[in-house]
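Everything below concerns the one structure shown next.
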Amino acid sequence: MSLPSWLPLAVAGASTIVLVVLALILPRQKKYPSSPINVAFIGNSMQYYNDCPRFMEALSSGHINQNSCLHGGATLSYILLTGSGTSDIFNTENALRSDGTYDMGACSVPQLLFGYDDNLYDVANYNYDDDFIVESNPCSQGMYSYVVAEGLTGSAWDFIVMNDNTRHPGVEENREESIATLKGTYVAYFLETGATPVFIDTHAYGANAGGRDTSDFDGIPDFTSKTYYGYRLYADVVGGYLPKRQAPRIAPVGIAFLVVYEEDHDLWFKLFNYDDVHASPHGTYLQGCVLHATLFGSMPYQKTALGDVSELWSRARRMAPPDFPVMSFPTVEEARYLFKVAQMVTLKGYRPKSFVDYYTESLSED
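Have a look at this one:
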(Lines of atoms letter the chains of each structure in order from A and count residues from 1; the text may use other names and numbers.)
(Lines give C-alpha, C1' and ligand atoms only; values in the text may rest on other atoms or scores of the structure.)
Protein backbone atom coordinates (compact mmCIF):
# COMPACT_ATOMS: atom_id res chain seq x y z
CA MET A 1 0.00 0.00 0.00
CA SER A 2 1.54 3.30 -1.09
CA LEU A 3 1.96 6.12 1.39
CA PRO A 4 -0.39 9.09 0.95
CA SER A 5 0.90 12.29 -0.61
CA TRP A 6 0.41 14.30 2.55
CA LEU A 7 2.90 12.28 4.63
CA PRO A 8 6.19 14.23 4.51
CA LEU A 9 8.63 11.35 4.47
CA ALA A 10 11.31 12.79 2.21
CA VAL A 11 14.03 12.46 4.82
CA ALA A 12 17.33 10.65 4.77
CA GLY A 13 18.12 7.52 6.72
CA ALA A 14 15.93 4.50 7.36
CA SER A 15 15.85 4.99 11.13
CA THR A 16 14.77 8.61 10.71
CA ILE A 17 11.99 7.57 8.37
CA VAL A 18 10.67 5.09 10.92
CA LEU A 19 10.64 7.71 13.66
CA VAL A 20 8.89 10.26 11.47
CA VAL A 21 6.24 7.78 10.37
CA LEU A 22 5.54 6.72 13.94
CA ALA A 23 5.32 10.32 15.11
CA LEU A 24 2.82 11.14 12.38
CA ILE A 25 0.69 8.02 12.53
CA LEU A 26 0.58 7.90 16.31
CA PRO A 27 -0.30 11.46 17.37
CA ARG A 28 -0.46 12.42 21.01
CA GLN A 29 -3.85 11.59 22.49
CA LYS A 30 -5.83 14.18 24.38
CA LYS A 31 -7.54 13.10 27.57
CA TYR A 32 -11.24 12.29 27.53
CA PRO A 33 -13.76 14.34 29.54
CA SER A 34 -14.07 13.30 33.18
CA SER A 35 -17.49 11.77 32.51
CA PRO A 36 -18.71 9.82 29.46
CA ILE A 37 -20.69 11.80 26.91
CA ASN A 38 -24.27 10.82 26.03
CA VAL A 39 -24.87 10.36 22.31
CA ALA A 40 -28.21 9.70 20.58
CA PHE A 41 -27.94 8.11 17.13
CA ILE A 42 -30.73 8.73 14.58
CA GLY A 43 -30.49 7.30 11.09
CA ASN A 44 -30.65 4.24 8.91
CA SER A 45 -28.67 1.23 7.76
CA MET A 46 -25.56 3.36 7.27
CA GLN A 47 -25.41 3.20 11.06
CA TYR A 48 -26.76 -0.23 11.94
CA TYR A 49 -24.47 -2.17 9.59
CA ASN A 50 -21.64 -3.31 11.87
CA ASP A 51 -23.54 -1.69 14.76
CA CYS A 52 -21.93 1.73 14.62
CA PRO A 53 -23.49 2.91 17.94
CA ARG A 54 -21.95 0.07 19.94
CA PHE A 55 -18.75 0.33 17.91
CA MET A 56 -18.46 3.94 19.09
CA GLU A 57 -18.78 2.80 22.71
CA ALA A 58 -15.82 0.48 22.20
CA LEU A 59 -13.73 2.87 20.09
CA SER A 60 -14.06 5.57 22.76
CA SER A 61 -12.86 3.17 25.46
CA GLY A 62 -16.22 3.45 27.20
CA HIS A 63 -16.39 7.25 27.10
CA ILE A 64 -19.64 7.23 25.10
CA ASN A 65 -23.05 6.24 26.45
CA GLN A 66 -25.47 5.76 23.59
CA ASN A 67 -28.92 4.82 22.45
CA SER A 68 -30.42 4.95 19.00
CA CYS A 69 -33.43 5.02 16.71
CA LEU A 70 -32.53 3.47 13.36
CA HIS A 71 -34.59 2.39 10.37
CA GLY A 72 -33.27 1.03 7.08
CA GLY A 73 -33.59 3.45 4.16
CA ALA A 74 -35.01 6.19 6.35
CA THR A 75 -34.82 9.87 5.54
CA LEU A 76 -34.87 12.49 8.27
CA SER A 77 -38.61 12.82 7.62
CA TYR A 78 -39.51 9.15 7.24
CA ILE A 79 -38.05 8.03 10.55
CA LEU A 80 -40.31 10.51 12.35
CA LEU A 81 -43.30 8.66 10.87
CA THR A 82 -42.22 5.05 11.24
CA GLY A 83 -39.80 5.13 14.14
CA SER A 84 -37.29 2.33 14.56
CA GLY A 85 -37.12 -0.71 12.31
CA THR A 86 -34.72 -2.89 14.27
CA SER A 87 -36.87 -5.69 15.69
CA ASP A 88 -35.70 -8.03 12.90
CA ILE A 89 -32.12 -6.71 13.00
CA PHE A 90 -31.08 -6.41 16.63
CA ASN A 91 -32.69 -9.68 17.75
CA THR A 92 -29.36 -11.43 18.16
CA GLU A 93 -27.54 -13.09 21.04
CA ASN A 94 -25.36 -10.03 21.58
CA ALA A 95 -28.48 -7.88 21.89
CA LEU A 96 -30.01 -10.10 24.58
CA ARG A 97 -30.24 -8.56 28.04
CA SER A 98 -30.17 -10.43 31.33
CA ASP A 99 -33.95 -10.01 31.69
CA GLY A 100 -34.62 -11.79 28.39
CA THR A 101 -35.39 -8.66 26.36
CA TYR A 102 -33.38 -7.35 23.43
CA ASP A 103 -31.52 -4.07 23.17
CA MET A 104 -33.06 -2.73 19.96
CA GLY A 105 -32.81 0.95 20.76
CA ALA A 106 -35.71 3.35 21.13
CA CYS A 107 -38.95 2.87 19.22
CA SER A 108 -39.23 6.48 18.02
CA VAL A 109 -37.22 9.66 17.87
CA PRO A 110 -39.25 11.38 20.64
CA GLN A 111 -38.93 8.32 22.87
CA LEU A 112 -35.19 8.28 22.27
CA LEU A 113 -34.69 11.95 23.06
CA PHE A 114 -37.25 12.53 25.82
CA GLY A 115 -37.98 9.12 27.32
CA TYR A 116 -41.62 9.04 26.27
CA ASP A 117 -43.85 9.15 23.21
CA ASP A 118 -47.59 9.17 23.78
CA ASN A 119 -48.22 7.97 20.22
CA LEU A 120 -46.47 4.69 20.96
CA TYR A 121 -49.02 3.54 23.54
CA ASP A 122 -51.52 2.57 20.85
CA VAL A 123 -48.74 0.90 18.89
CA ALA A 124 -47.83 -1.27 21.86
CA ASN A 125 -51.50 -2.25 22.22
CA TYR A 126 -51.63 -3.22 18.53
CA ASN A 127 -54.14 -0.42 17.94
CA TYR A 128 -52.33 1.33 15.12
CA ASP A 129 -52.37 1.98 11.39
CA ASP A 130 -50.14 -0.55 9.63
CA ASP A 131 -49.21 2.09 7.07
CA PHE A 132 -47.93 4.37 9.81
CA ILE A 133 -45.87 2.15 12.09
CA VAL A 134 -44.26 -0.89 10.50
CA GLU A 135 -44.12 -4.26 12.20
CA SER A 136 -40.33 -4.03 12.46
CA ASN A 137 -40.74 -1.34 15.12
CA PRO A 138 -39.75 -2.91 18.47
CA CYS A 139 -42.80 -1.41 20.21
CA SER A 140 -45.12 -3.19 17.79
CA GLN A 141 -44.15 -6.38 19.61
CA GLY A 142 -46.37 -5.54 22.57
CA MET A 143 -46.69 -3.50 25.74
CA TYR A 144 -43.74 -5.20 27.44
CA SER A 145 -41.39 -4.08 24.68
CA TYR A 146 -42.83 -0.58 24.94
CA VAL A 147 -42.25 -0.40 28.69
CA VAL A 148 -38.69 -1.73 28.34
CA ALA A 149 -37.83 0.77 25.61
CA GLU A 150 -39.42 3.60 27.58
CA GLY A 151 -37.28 2.83 30.61
CA LEU A 152 -34.00 2.96 28.70
CA THR A 153 -34.34 6.30 26.94
CA GLY A 154 -34.45 9.99 27.66
CA SER A 155 -30.88 10.63 28.80
CA ALA A 156 -29.45 14.13 29.09
CA TRP A 157 -28.01 14.12 25.59
CA ASP A 158 -24.76 15.88 24.76
CA PHE A 159 -24.87 15.08 21.04
CA ILE A 160 -27.47 13.92 18.53
CA VAL A 161 -25.70 12.13 15.67
CA MET A 162 -27.86 11.77 12.58
CA ASN A 163 -27.76 10.96 8.90
CA ASP A 164 -30.22 11.38 6.06
CA ASN A 165 -30.91 8.91 3.28
CA THR A 166 -27.68 8.86 1.29
CA ARG A 167 -29.16 10.40 -1.86
CA HIS A 168 -31.05 13.22 -0.16
CA PRO A 169 -28.49 15.89 0.79
CA GLY A 170 -26.95 16.03 -2.69
CA VAL A 171 -30.20 16.38 -4.66
CA GLU A 172 -31.98 19.72 -4.37
CA GLU A 173 -35.58 18.46 -4.35
CA ASN A 174 -34.83 15.81 -1.73
CA ARG A 175 -32.71 18.22 0.26
CA GLU A 176 -35.49 20.78 0.49
CA GLU A 177 -37.79 18.16 2.03
CA SER A 178 -35.20 17.38 4.70
CA ILE A 179 -34.51 21.05 5.39
CA ALA A 180 -38.22 21.63 5.94
CA THR A 181 -38.29 18.74 8.42
CA LEU A 182 -35.20 20.01 10.21
CA LYS A 183 -36.78 23.44 10.62
CA GLY A 184 -40.25 22.14 11.43
CA THR A 185 -39.38 19.40 13.92
CA TYR A 186 -35.75 18.74 14.71
CA VAL A 187 -34.80 22.31 15.65
CA ALA A 188 -37.32 22.17 18.50
CA TYR A 189 -35.85 18.83 19.60
CA PHE A 190 -32.33 20.29 19.60
CA LEU A 191 -33.43 23.28 21.64
CA GLU A 192 -35.35 21.19 24.17
CA THR A 193 -32.54 18.68 24.71
CA GLY A 194 -29.72 21.22 24.54
CA ALA A 195 -27.75 18.67 22.51
CA THR A 196 -25.34 19.52 19.71
CA PRO A 197 -26.43 18.08 16.34
CA VAL A 198 -23.79 16.14 14.42
CA PHE A 199 -24.52 15.26 10.79
CA ILE A 200 -22.78 12.21 9.33
CA ASP A 201 -21.64 13.15 5.82
CA THR A 202 -22.26 9.67 4.43
CA HIS A 203 -20.03 8.01 1.85
CA ALA A 204 -20.70 7.78 -1.87
CA TYR A 205 -20.99 4.48 -3.71
CA GLY A 206 -20.71 3.35 -7.32
CA ALA A 207 -23.23 3.80 -10.12
CA ASN A 208 -26.46 1.91 -9.42
CA ALA A 209 -24.82 -0.10 -6.64
CA GLY A 210 -27.35 -2.31 -4.91
CA GLY A 211 -29.94 -1.26 -7.48
CA ARG A 212 -29.94 2.33 -6.23
CA ASP A 213 -30.45 5.13 -8.73
CA THR A 214 -27.34 7.33 -8.70
CA SER A 215 -28.11 9.17 -11.95
CA ASP A 216 -28.10 12.53 -10.12
CA PHE A 217 -24.35 12.16 -9.61
CA ASP A 218 -21.44 11.99 -12.04
CA GLY A 219 -19.20 9.49 -10.30
CA ILE A 220 -17.81 9.09 -6.79
CA PRO A 221 -16.16 12.54 -6.45
CA ASP A 222 -19.34 14.33 -7.58
CA PHE A 223 -21.55 12.19 -5.33
CA THR A 224 -19.23 12.92 -2.40
CA SER A 225 -18.94 16.64 -3.07
CA LYS A 226 -22.68 17.22 -3.50
CA THR A 227 -23.52 15.19 -0.40
CA TYR A 228 -21.14 17.23 1.73
CA TYR A 229 -22.56 20.43 0.24
CA GLY A 230 -26.04 19.33 1.29
CA TYR A 231 -24.96 18.67 4.85
CA ARG A 232 -23.28 22.08 5.00
CA LEU A 233 -26.65 23.58 4.09
CA TYR A 234 -28.38 21.47 6.75
CA ALA A 235 -25.91 22.74 9.34
CA ASP A 236 -26.36 26.36 8.23
CA VAL A 237 -30.14 26.16 8.49
CA VAL A 238 -30.15 24.45 11.88
CA GLY A 239 -27.37 26.64 13.23
CA GLY A 240 -29.43 29.73 12.56
CA TYR A 241 -31.86 28.66 15.30
CA LEU A 242 -29.41 27.40 17.92
CA PRO A 243 -27.11 29.11 20.42
CA LYS A 244 -23.40 29.06 19.60
CA ARG A 245 -22.69 26.33 22.14
CA GLN A 246 -24.92 24.04 20.07
CA ALA A 247 -23.36 24.92 16.72
CA PRO A 248 -23.93 21.92 14.41
CA ARG A 249 -20.98 19.75 13.44
CA ILE A 250 -20.37 17.64 10.36
CA ALA A 251 -18.50 14.34 10.50
CA PRO A 252 -16.84 14.25 7.03
CA VAL A 253 -17.04 10.49 6.50
CA GLY A 254 -17.69 10.79 2.78
CA ILE A 255 -14.60 12.93 2.29
CA ALA A 256 -12.49 10.38 4.18
CA PHE A 257 -13.80 7.64 1.87
CA LEU A 258 -12.87 9.83 -1.11
CA VAL A 259 -9.28 10.13 0.14
CA VAL A 260 -9.01 6.34 0.12
CA TYR A 261 -10.67 6.26 -3.32
CA GLU A 262 -7.92 8.52 -4.68
CA GLU A 263 -4.95 6.99 -2.90
CA ASP A 264 -5.63 3.26 -2.66
CA HIS A 265 -8.42 2.04 -4.92
CA ASP A 266 -8.05 -1.58 -3.81
CA LEU A 267 -8.53 -0.59 -0.18
CA TRP A 268 -11.48 1.63 -1.15
CA PHE A 269 -13.32 -1.45 -2.43
CA LYS A 270 -12.67 -3.09 0.94
CA LEU A 271 -14.58 -0.25 2.65
CA PHE A 272 -17.83 -1.73 1.30
CA ASN A 273 -20.01 -4.66 2.26
CA TYR A 274 -21.21 -7.34 -0.13
CA ASP A 275 -23.85 -5.05 -1.65
CA ASP A 276 -21.27 -2.35 -2.58
CA VAL A 277 -23.42 0.22 -0.75
CA HIS A 278 -23.08 -0.22 2.99
CA ALA A 279 -19.86 -0.15 4.95
CA SER A 280 -17.77 -3.21 5.66
CA PRO A 281 -15.92 -3.40 8.98
CA HIS A 282 -13.16 -1.44 7.21
CA GLY A 283 -15.68 1.26 6.28
CA THR A 284 -17.28 1.41 9.71
CA TYR A 285 -13.82 1.64 11.27
CA LEU A 286 -13.08 4.71 9.13
CA GLN A 287 -16.53 6.16 9.83
CA GLY A 288 -16.06 5.61 13.56
CA CYS A 289 -12.65 7.29 13.64
CA VAL A 290 -14.10 10.33 11.84
CA LEU A 291 -17.05 10.43 14.23
CA HIS A 292 -14.79 10.13 17.26
CA ALA A 293 -12.64 13.03 16.07
CA THR A 294 -15.77 15.10 15.41
CA LEU A 295 -17.25 14.44 18.85
CA PHE A 296 -14.10 14.71 20.98
CA GLY A 297 -11.81 16.86 18.85
CA SER A 298 -9.18 14.13 19.04
CA MET A 299 -8.49 10.61 17.84
CA PRO A 300 -9.23 7.46 19.87
CA TYR A 301 -6.61 5.96 22.16
CA GLN A 302 -4.08 4.19 19.96
CA LYS A 303 -4.03 1.11 22.19
CA THR A 304 -7.77 0.80 21.55
CA ALA A 305 -8.00 1.76 17.88
CA LEU A 306 -4.79 0.12 16.67
CA GLY A 307 -4.77 -3.07 18.70
CA ASP A 308 -6.89 -6.13 17.93
CA VAL A 309 -9.47 -4.29 15.83
CA SER A 310 -11.91 -7.22 15.86
CA GLU A 311 -12.39 -6.69 19.61
CA LEU A 312 -14.09 -3.37 18.85
CA TRP A 313 -17.06 -5.41 17.56
CA SER A 314 -17.17 -8.00 20.34
CA ARG A 315 -20.57 -6.62 21.46
CA ALA A 316 -22.01 -5.84 18.02
CA ARG A 317 -25.67 -6.77 17.77
CA ARG A 318 -25.46 -7.19 14.01
CA MET A 319 -22.62 -6.98 11.50
CA ALA A 320 -24.08 -7.96 8.13
CA PRO A 321 -27.37 -9.49 6.92
CA PRO A 322 -27.87 -12.97 8.40
CA ASP A 323 -27.38 -14.73 5.06
CA PHE A 324 -23.86 -13.35 4.66
CA PRO A 325 -20.72 -14.19 6.65
CA VAL A 326 -18.93 -11.50 8.62
CA MET A 327 -16.33 -9.79 6.45
CA SER A 328 -12.66 -9.47 7.35
CA PHE A 329 -11.45 -6.83 9.79
CA PRO A 330 -8.78 -4.22 9.02
CA THR A 331 -5.21 -5.40 9.41
CA VAL A 332 -2.88 -3.39 11.65
CA GLU A 333 -1.42 -1.65 8.59
CA GLU A 334 -4.85 -0.87 7.16
CA ALA A 335 -6.11 0.40 10.52
CA ARG A 336 -3.12 2.74 10.86
CA TYR A 337 -3.74 4.17 7.41
CA LEU A 338 -7.50 4.64 7.93
CA PHE A 339 -6.83 6.14 11.36
CA LYS A 340 -4.49 8.67 9.76
CA VAL A 341 -6.96 9.48 6.96
CA ALA A 342 -9.64 10.22 9.55
CA GLN A 343 -7.26 12.45 11.48
CA MET A 344 -6.11 14.41 8.42
CA VAL A 345 -9.63 14.96 7.07
CA THR A 346 -11.41 15.69 10.35
CA LEU A 347 -8.80 17.47 12.45
CA LYS A 348 -6.45 18.91 9.82
CA GLY A 349 -9.01 19.86 7.15
CA TYR A 350 -7.34 17.86 4.38
CA ARG A 351 -9.36 17.63 1.15
CA PRO A 352 -8.60 15.26 -1.74
CA LYS A 353 -7.91 16.69 -5.20
CA SER A 354 -11.17 15.45 -6.74
CA PHE A 355 -13.34 17.03 -4.04
CA VAL A 356 -15.31 20.06 -5.23
CA ASP A 357 -16.19 22.57 -2.52
CA TYR A 358 -19.63 23.60 -3.80
CA TYR A 359 -20.36 25.34 -0.53
CA THR A 360 -17.49 27.81 -0.81
CA GLU A 361 -18.25 28.29 -4.49
CA SER A 362 -21.86 29.15 -3.66
CA LEU A 363 -20.73 31.76 -1.13
CA SER A 364 -18.46 33.43 -3.67
CA GLU A 365 -21.34 33.64 -6.14
CA ASP A 366 -23.60 35.47 -3.67
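For the sequence shown, the UniProt record's numbering gives the first residue as 1, with consecutive numbering after it. Just so you know, even glycine gets a beta-carbon here, dropped at the ideal spot from N, CA and C. Please read all numbers here as calculations on a predicted model, not as lab measurements.
Boundaries around Cys289 are those of the alpha helix (DSSP H), Pro281 to Phe296, since no beta strand (DSSP E) includes it. Here DSSP, grouped into helix, strand and coil, assigns Ala251 to strand. In the DSSP assignment, Met104 falls outside any alpha helix (DSSP H) and carries neither an H nor an E. In this model, Tyr49 and Leu80 are separated by some 20 Å (Cα to Cα). Residue range Thr196 to Ile200 is occupied by the beta strand (DSSP E) that includes Pro197, with no alpha helix (DSSP H) assigned at that position.
Approximately 16 Å separates the beta-carbon atoms of Pro248 and Gly254; this is outside 8 Å, ruling out the contact.
DSSP assignment within the segment 34 to 69 yields the following whole beta strand (DSSP E) runs of 3 residues or more, N-terminal first: 37 to 43. Nearest to Leu306 by C-alpha distance, out of Val326, Arg315, Thr331 and Pro325, is Thr331.
Under the DSSP assignment, Met319 falls outside any beta strand (DSSP E); it carries neither an H nor an E label. Fewer than three Cβ pairs drawn from the segment 315 to 331 and the segment 166 to 186 lie within less than 8 Å of each other, which leaves the two stretches out of contact. Looking from the CA of Pro138, the closest CA among Cys69, Glu93, Ile200 and Tyr358 belongs to Cys69.
Thr202 is positioned such that its CB atom lies no closer than 7 Å to that of Thr224. Of the residues assessed, Arg97 falls on the exposed side of the cut-off, its CB having fewer than 16 other CB atoms within 10 angstroms. Using a Cβ distance threshold of 7 Å, Ile220 and Ala207 do not count as a contacting pair.
For Phe159, the enclosing beta strand (DSSP E) has its first and last residue at Phe159 to Met162. When the alpha-carbon of Tyr78 is set against those of Pro36, Tyr116, Gly43 and Phe329, the nearest one is in Gly43. Leu120 and Asn38 have their C-alpha atoms spaced approximately 24 Å apart. Secondary structure of Leu96 (DSSP, three-state): strand. In this structure, Gly297 sits away from Thr227, with a CB-CB distance that is not shorter than 7 Å.
For His71, there is no enclosing alpha helix (DSSP H), as DSSP gives it neither H nor E. With a cutoff of 7 Å on beta-carbon distance, Asp164 and Leu76 are scored as near each other.
Secondary structure note for His265: its alpha helix (DSSP H) is the uninterrupted segment His265 to Phe269. The C-alpha of Glu172 lies about 23 Å from the C-alpha of His71.
By the Cβ criterion, the segment 334 to 341 is not in contact with the segment 96 to 111, since fewer than three pairs of Cβ atoms, one from each stretch, lie closer than 8 Å. In the DSSP assignment, Ala305 falls within the unbroken alpha helix (DSSP H) covering Gln302 to Ala305. Inter-residue distance for Ser354 and Lys340 is about 19 Å (C-alpha atoms, whole angstroms). The Cβ-Cβ distance between Ala279 and Thr346 does not fall below 7 Å. For Phe339, the three-state secondary structure derived from DSSP is helix.
Burial state of Gly83 is buried, judged by a 10 Å Cβ sphere holding 16 or more other Cβ atoms. Inter-residue distance for Asp308 and Ala58 is about 12 Å (C-alpha atoms, whole angstroms). In the DSSP assignment, Phe190 falls within the alpha helix (DSSP H) that extends over Val187 to Thr193. Pro197 is positioned such that its CB atom lies closer than 7 Å to that of Ile160.
For Val237, the enclosing alpha helix (DSSP H) begins and ends at Ile220 to Gly239.
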